[in-house]
Amino acid sequence: MKKTMKAIGILLLVGCLLIACNSDEGSVEAENGLIDNDNTGSETSGDGEEDSLSKEDSETSDSNRVASTGEYEDQVDLIIGDTAQIASTIGEFEISIDSVEYTEEQIDGEGSLFDAWIIADITVTNIGETVLAPDNTIGVLEITSNLDGSGAPDYSSQFDSIDGLEGELQPGETVSGQALFVIRDREEQYIRVNSGLVAAGGVKNNAIWTFETSEAKE
């Protein structure tokens, strides 16, 4: 009887040991599971950071592309002799207002619609990749004595004695000629990109040259 009880006790002890071992293995597996989950989370977080960096790189690349496609800032503090870079739907170009001349005399038998004329010597350079018509480039300009008011366009194409810009302007080429404007005899004059073209998106940026009327009379 004692031997039987001892055998039963040994069996119970072995059973308890087996249960304990199984429990320990489960704990180890659980711990390993937690570690695996943490690693997975870390890897996911890393992927998120990589995605974020990729997005930033993409945005930087997009920004560089915008800068390289001719998005120029407004240039509103120019004076005679300065050059503006202009982007428009017809192409990209530089315009320099080299000099201005005031006259009240008739031109080809025609008087000014207002008080006088301004004859502007202009240089245009094609800095884009498309062929331009030079008269279209200076066609974006107007003159005004009031920045809050309307302006008068270039009339050079209507007068034979004015050396207007004609022909084609290939990428990289430069041409010089004249623009003709009618003005009211005010103290200051502004040659600018037509404000309506800027508002409509035909021209992407503004440019304004300011000069004293007395400067043009010299």
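Numbering (mature numbering (1 follows the signal peptide of the UniProt record, and there is no 0)), first residue to last: -22 to -1, 1 to 196.
Even glycine gets a Cβ: it sits at the ideal position worked out from N, Cα and C.
Residue i versus residue j: straight-line alpha-carbon distance, rounded
i           : j           : result
residue 111 : residue 62  : 18 angstroms
residue 181 : residue 57  : 20 angstroms
residue 179 : residue 68  : 11 angstroms
residue 132 : residue 101 : 15 angstroms
residue 60  : residue 160 : 21 angstroms
residue 55  : residue 114 : 23 angstroms
residue 82  : residue 175 : 29 angstroms
residue 42  : residue 155 : At residue 42 the pLDDT is 33, less than 50, meaning the model places this residue with poor confidence; the figure from the coordinates comes in the next sentence. For residue 42 and residue 155, the distance between alpha carbons rounds to 34 angstroms.
residue 177 : residue 70  : 18 angstroms
Simplified DSSP assignment, three categories, for residue i
i           : result
residue 79  : strand
residue 136 : helix
residue 151 : coil
residue 177 : helix
residue 192 : helix
residue 114 : helix
residue 143 : coil
residue 109 : coil
residue 186 : strand
residue 104 : strand
residue 96  : strand
residue 84  : coil
residue 164 : coil
residue 59  : coil
residue 90  : coil
Residue i versus the options, residue with shortest Cα-Cα distance
i           : options              : result
residue 107 : 148, 97, 82 and 119  : 148
residue 120 : 49, 79 and 187       : 187
residue 105 : 86, 64 and 144       : 64
residue 96  : 146, 103 and 76      : 76
residue 85  : 190, 173 and 157     : 157
residue 90  : 176, 134, 70 and 177 : 134
residue 166 : 54, 194 and 137      : 194
residue 88  : 145, 70 and 136      : 136
Cβ neighbours of residue i in the same chain (closer than 8 angstroms, five flanking residues each side left out)
i           : result
residue 37  : Any reading at residue 37 needs caution, since the residue's pLDDT is 42, under 50, leaving its predicted position unreliable; the model's value is listed next. Taken in chain order, the list of residues that qualify is empty.
residue 145 : 111, 112 and 153
Cβ-based neighbour list, residue i, same chain, cut-off 7 angstroms, excluding 5 preceding and 5 following
i           : result
residue 162 : 92, 93 and 123
residue 153 : 102, 112, 143 and 147
residue 164 : 123 and 191
residue 150 : 104
residue 196 : none
residue 138 : 86
residue 189 : 57, 58, 78 and 167
Integer-rounded CB distance, given that residue j should sit under 8 angstroms from residue i
i           : j           : result
residue 80  : residue 125 : Rounded, the Cβ-Cβ distance is 20 angstroms, inconsistent with contact.
residue 98  : residue 118 : Actually they do not touch by this definition, with Cβ atoms about 14 angstroms apart.
residue 172 : residue 52  : No, residue 172 and residue 52 are not in contact; Cβ-Cβ is about 14 angstroms, not under 8 angstroms.
residue 170 : residue 129 : 7 angstroms
residue 73  : residue 116 : 7 angstroms
Close beta carbons around residue i, own chain, < 6 angstroms, minus the five adjacent residues each side
i          : result
residue 9  : Note on residue 9: pLDDT 39, under 50, position unreliable in the model; the coordinate value appears next. Here the set comprises nothing.
residue 50 : 63, 65 and 183
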